[in-house]
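Each number in the working numbering comes from the position in the sequence shown (counting from 1) with 176 added on. Glycine included, C-beta positions come from ideal geometry on N, C-alpha and C.
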Amino acid sequence: MRRAKLPMFLTALTAVIAGATTVLAPNAAVAAGPGGACTTDAKLVPSCGVMWGGAAGGFTSKPRDLEHKNWEKLSGRTATIFHTYHKGDEPFPTKAEIAMTNDPAKPRVLLLNWKIAYGSNWAKVAKGEQNKRIDAFGERIKAYGKKVFLVLNHEPENDVVARKGSGWEAKDFAAMYRHTIKRLRAQGAGNVVNVMAFMGNEKWMAQSWWKDLYPGDDVVDWIGLDSYVSVEKNYYHFGTFADLLDRKPKGGGLGFYDWATTKHAGKPIMVAEWGAYHRIGKTTDKSAVYNSVVPQLQKRPAIKAIVHFDTKRDDQGNRDISIDSTRAGLAAFKKLAANPIFNVKLG
């Protein structure tokens with residue numbers, strides 16, 4: 177989650193299963209019935225239901241693994257997806273992250289977010305100037321062995337410098353992404369499941385370069401969205417869960433969910449960051465947002481995972497995205513977390 181380069185930002189029809197042409201049934205997002213089980217496939221796409229995840233402790237110095245466990249206790253459910261953030265040459269997955277996936281009583285899968293171009297730029301990565309960095313990660317992730325989600329430079333819209341030769345043009349991002357994923361595949365890192373995570377903000381979606389960010393269906397496993405809503409009326413992006421999925425480009429066009437499911441039919445969607453916020457000092461109940469999640473998931477079968485981003489203060493220090501800012505909000509979130517739609521077992 178990051179503030180966008182625009183006024184006050186926090187930042188997708190029937191769909192089909194990734195890599196297949198079989199149309200999902202209208203109730204495909206609903207949990208399995210008695211005796212059934214929702215399990216994940218080779219690309220971590222659940223056969224039914226929706227994977228439940230979290231990222232806790234954002235914008236603090238607290239250990240992410242401990243914050244994740246504390247958030248699980250608070251919400252009442254193991255967050256199967258454990259979302260962490262890295263940059264440059266940082267060695268990851270870390271010992272703590274690996275340990276989080278070794279608990280048989282609480283199965284978890286890593287969602288590793290990597291700013292691969294840290295200290296460089298997208299164009300240089302695409303040209304091979306960070307191959308040593310890519311190869312080092314490839315060796316580590318192969319040694320780890322388990323399936324992982326990998327996001328390369330989440331929310332790239334916010335980093336675009338739309339100037340020829342900047343190294344940060346949208347086309348440079350796409351080239352960087354393609355180069356990295358192809359090199360990892362050539363190394364035999366078959367346990368990496370990659371996620372292209374957009375902001376999905378209406379200002380960026382209206383830019384002429386926005387379409388150039390997408391690196392191609394052949395190198396994208398999941399389409400991700402990082403998006404938030406306000407619970408304060410008349411404040412930026414006030415709404416419910418549907419609103420964070422349906423924001424349309426300024427000037428007209430498809431909302432994010434419809435764009436993903438029509439332009440890239442077959443790709444599962446992950447809401448890789450989501451949450452409800454109010455300004456600090458303007459405490460407001462978040463129950464309406466949490467109560468709106470499951471009805472929307474039941475209408476939108478392409479969404480196969482949601483990952484809540486939890487923090488008491490955002491990157492600018494003035495918005496609260498925690499689940500327990502009010503008692504009523506926490507009770508509503510715990511009810512959401514307990515819904516059987518999230519009963520997905522790692523395959």
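**Prompt:** What's the gap between the Cα of R309 and the Cα of N410?
**Reply:** Those two C-alpha atoms are separated by around 45 Å.
**M372 (DSSP reduced to helix, strand or coil)** = Per DSSP, reduced to three states, the secondary structure at M372 is strand.
**Request:** Could you name the residues of the same chain whose beta carbon sits closer than 6 Å to that of I456, not counting the 5 residues immediately before and after it, in chain order?
**Result:** Close CB contacts of I456 within its chain, under the 6 Å cut and outside five residues either way in sequence, are with N494, D496 (chain order).
**Message:** Using 8 Å for Cβ pairs, my map puts W380 next to V327. What's the rounded Cβ distance?
**Reply:** No, W380 and V327 are not in contact; Cβ-Cβ is about 17 Å, not under 8 Å.
**Prompt:** Do V226 and A452 have their C-beta atoms within less than 8 Å of each other?
**Reply:** No, they are not a contact pair.
**Prompt:** D402 and M372 look like a contact to me (Cβ under 8 Å); what is the Cβ gap, rounded to whole Å?
**Reply:** Cβ atoms of D402 and M372 stay farther apart than 8 Å, at about 11 Å.
**Request:** Pick helix, strand or coil for G229, following the three-state DSSP scheme.
**Result:** Secondary structure of G229 (DSSP, three-state): strand.
**Bridge partners - F414, DSSP secondary structure assignment** = Partner(s): S406.
**Prompt:** Can you tell me the Cα-Cα spacing of G195 and G366, whole angstroms?
**Reply:** Its pLDDT being 38, under 50, G195 is placed unreliably by the model, and the measurement read from it follows with that caveat. Straight-line spacing of the CA atoms in G195 and G366 works out to 16 Å.
**Request:** Enumerate, from N- to C-terminal direction, the unbroken alpha helix (DSSP H) stretches of 4 or more residues contained entirely within the stretch 297-326.
**Result:** For the alpha helix (DSSP H) assignment, the uninterrupted runs of no fewer than 4 residues enclosed by the stretch 297-326 are, from N- to C-terminal side, 298-302, 307-320.
**Asked** When we look at the beta-carbon of R544 and count the other beta-carbons within 10 Å, is it buried (16 or more) or exposed?
**Response** This structure cannot settle anything about residue 544, because the visible part of the chain is limited to 177 through 523.
**Item:** Pairwise C-alpha distance: F414 and T197
**Value:** Reliability fails at T197, whose pLDDT of 33 lies under 50, so the model's placement of it is uncertain and the value that follows must be treated cautiously. Straight through space, the alpha carbons of F414 and T197 are spaced by roughly 36 Å.
**Prompt:** Sorted by chain position, which residues of the same chain lie with C-beta nearer than 7 Å to I357's C-beta, five sequence neighbours on each side aside?
**Reply:** Excluding residues within five positions, the ones whose Cβ falls inside 7 Å are N370, V395.
**Request:** Assuming T216 and V483 form a contact by the criterion Cβ under 8 Å, report the distance between their Cβ atoms to the nearest whole angstrom.
**Result:** T216 to V483, Cβ: 15 Å. No contact.
**Asked** Using CA coordinates, which residue listed in D393, D397, F417, G321 is at the minimum distance from Y404?
**Response** It is F417 whose Cα lies nearest to the Cα of Y404.
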